[in-house]
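For the sequence shown, the numbering used here puts the final residue at 413, and the numbers step up evenly by one.
Note that the Cβ used here is the ideal one computed from N, Cα and C, for glycine as well.
All remarks here apply to the structure that follows.
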Amino acid sequence: AVTTWAFEPKQLVSFGIWAAVLGAAALTLWTFVAIDRNTSLSVIGGSTPGKVSFDRSFFVNVFTYGVIPLVGVITTQFPYFGRLFAQWFNPLMRLAGAE
């Protein structure tokens, strides 16, 4: 969207998008930590109240809602990284039957 922006300053718009995505990723991480520490949710989930349990579900949520959006922005802003990730994931996609 930034490359099709007809007005100047494109760099300021790009910086604003980066700031928004980084802020959203930080807020997502903070939210998952707060959810994991919540007493009521810990009782429901059977974990220790007030402590963050770095278990599989925590990391899956952080990866899904924090890391993947950041990788998406990085690959769109820096074509080198987009090609690098494509080289890594194309064999996996062929194994999964996507191609």
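- Cβ-Cβ distances below 6 Å link proline 323 to nothing in the same chain once the five nearest sequence neighbours on each side are left out.
- Under the three-state reduction of DSSP, serine 361 is assigned to coil, being neither helix nor strand.
- Put simply, the backbone Cα of phenylalanine 392 is about 16 Å away from that of leucine 336.
- Scanning the segment 358 to 408 for uninterrupted beta strand (DSSP E) segments of 3 residues or longer gives nothing; none is fully contained.
- Annotation: glycine 411 is outside any alpha helix (DSSP H) and is labelled neither H nor E by DSSP.
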